[in-house]
Amino acid sequence: KAGVTQTPRYLIKTRGQQVTLSCSPISGHRSVSWYQQTPGQGLQFLFEYFSETQRNKGNFPGRFSGRQFSNSRSEMNVSTLELGDSALYLCASSPGLLLTDTQYFGPGTRLTVL
Amino acid sequence: GQQVMQIPQYQHVQEGEDFTTYCNSSTTLSNIQWYKQRPGGHPVFLIQLVKSGEVKKQKRLTFQFGEAKKNSSLHITATQTTDVGTYFCASLGSSNTGKLIFGQGTTLQVKP
């Protein structure tokens, strides 16, 4: 099976702009989770979508939002970008039927905010 | 909020030496997962432990889940340069809500 894919791989934006990141899960997986990885804060959970519904949410401001489509592909949107949003954004997919399912991570999108 | 503390943050070892990283929580954990992230790469799942006192082995890697399910360790015997990377523990915590909480990670450097 093909792995998790994320597009774009690299992105440079300026403060105040918005950005949309895309994640295609492994075929058959219905859960997609998003994480932010920074050197200072490590890996932090943003949210999880299962069957087009947000099932879990981390402690991030409302500027961070997401959605999932009927084919399980997911998008994450960040509005009004701040310098501190510079990070590696990782998505992970899993079958989603068990909370303890293995997470399969994509290669990530490296976002730089200038 | 729930936290999983991981130590040490960095470890430099000579090739052939052993390495251990520890995860600790003040609350009982429902599970522990371990991931490895190579430099420039993404986290890759290694193993999951769910039972109290559970021990699992993968070649030179030994994973343990504490009896009280509040701590876990990953031990690598006779490190090799291919072991270089950052090792993360992660858990659903005690509430098992589906939010995966990651430790800060331990970055391992192996000198040949």
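If you read the sequences in order, they're chains L and W. Using my numbering, you'd call the opening residue of the first sequence number 24 and step up by one each time. Using my numbering, you'd call the opening residue of the second sequence number 1329 and step up by one each time. Where a beta carbon is used, it is the ideal one built from N, C-alpha and C, also for glycine.
- prompt: Whose Cβ in chain L lies nearer than 9 Å to the Cβ of G1413 of chain W?
  reply: In the second sequence, the residue the question calls residue 1413 of chain W occupies position 85. Those within 9 Å of G1413 of chain W in chain L number zero; the least Cβ separation is about 13 Å.
task: For L1436 of chain W, go through chain B and note every residue whose CB falls closer than 8 Å to its CB, in chain order.
output: Here chain B cannot be found, since the structure's protein chains are L and W.
- request: Starting from the beta carbon of D81 of chain L, find every residue of chain W whose beta carbon is closer than 7 Å, and list them in chain order.
  value: Within the first sequence, numbered from 1, the residue matching residue 81 of chain L stands at position 58. Reading the sequence as shown, one finds Gly at residue 81 of chain L and not Asp. Result: K1427.
Inter-residue spacing [alpha-carbon to alpha-carbon] between T37 of chain L and A115 of chain L: As a working note, residue 37 of chain L is residue 14 in the first sequence. As a working note, residue 115 of chain L is residue 92 in the first sequence. When rounded, the distance between both Cα atoms is 26 Å.
task: Please go through the same chain and pick out, in chain order, the residues whose beta-carbon is closer than 6 Å to the beta-carbon of T1349 of chain W, but skip the five residues on each side of it.
output: Within the second sequence, the letter at position 21 stands for residue 1349 of chain W. Around T1349 of chain W: L1402, Y1415 and T1434.
- prompt: What are the start and end residues of the beta strand (DSSP E) that includes G89 of chain L?
  reply: Translated into positions along the first sequence, residue 89 of chain L becomes position 66. Its beta strand (DSSP E) spans residues F87 to Q91.
- prompt: For G1433 of chain W, does the three-state DSSP call read helix, strand or coil?
  reply: On the second sequence, residue 1433 of chain W is found 105 positions in, with the first residue counted as 1. Taken through DSSP and simplified to helix, strand or coil, G1433 of chain W comes out as coil.
query: Hey, would you say T1409 of chain W sits closer than 8 Å to P1440 of chain W, going by beta carbons?
result: Within the second sequence, the letter at position 81 stands for residue 1409 of chain W. Within the second sequence, the letter at position 112 stands for residue 1440 of chain W. Taking the C-beta atoms as reference points, P1440 of chain W is found nearer than 8 Å to T1409 of chain W.
task: Consider the Cβ of V1378 of chain W: report whether some Cβ of chain L lies at a distance smaller than 8 Å.
output: Translated into the one-based positions of the second sequence, residue 1378 of chain W becomes position 50. Closer than 8 Å: yes.
field: Contact set between Q1432 of chain W and chain L, taken where Cβ atoms lie within less than 8 Å
entry: As a first step, residue 1432 of chain W is located in the second sequence; it is residue number 104 there, counting from the start. Going along chain L in sequence order, the residues near Q1432 of chain W (Cβ under 8 Å) are G65.
- prompt: Do you know whose CA, among W:V1341, W:Q1365 and W:K1398, lies nearest S1359 of chain W's CA?
  reply: Taking the second sequence and counting its residues from 1, the one referred to as residue 1359 of chain W is at position 31. The sequence shown places Asn at residue 1359 of chain W, rather than the Ser named in the question. Looking only at W:V1341, W:Q1365 and W:K1398, the smallest Cα-Cα distance to N1359 of chain W is reached by W:K1398.
- prompt: For P118 of chain L and chain W, any beta-carbon pair shorter than 8 Å?
  reply: Residue numbering aside, residue 118 of chain L sits at position 95 when the first sequence is read from its first letter. Not closer than 8 Å to any Cβ of chain W, the Cβ of P118 of chain L fails to qualify, so no.
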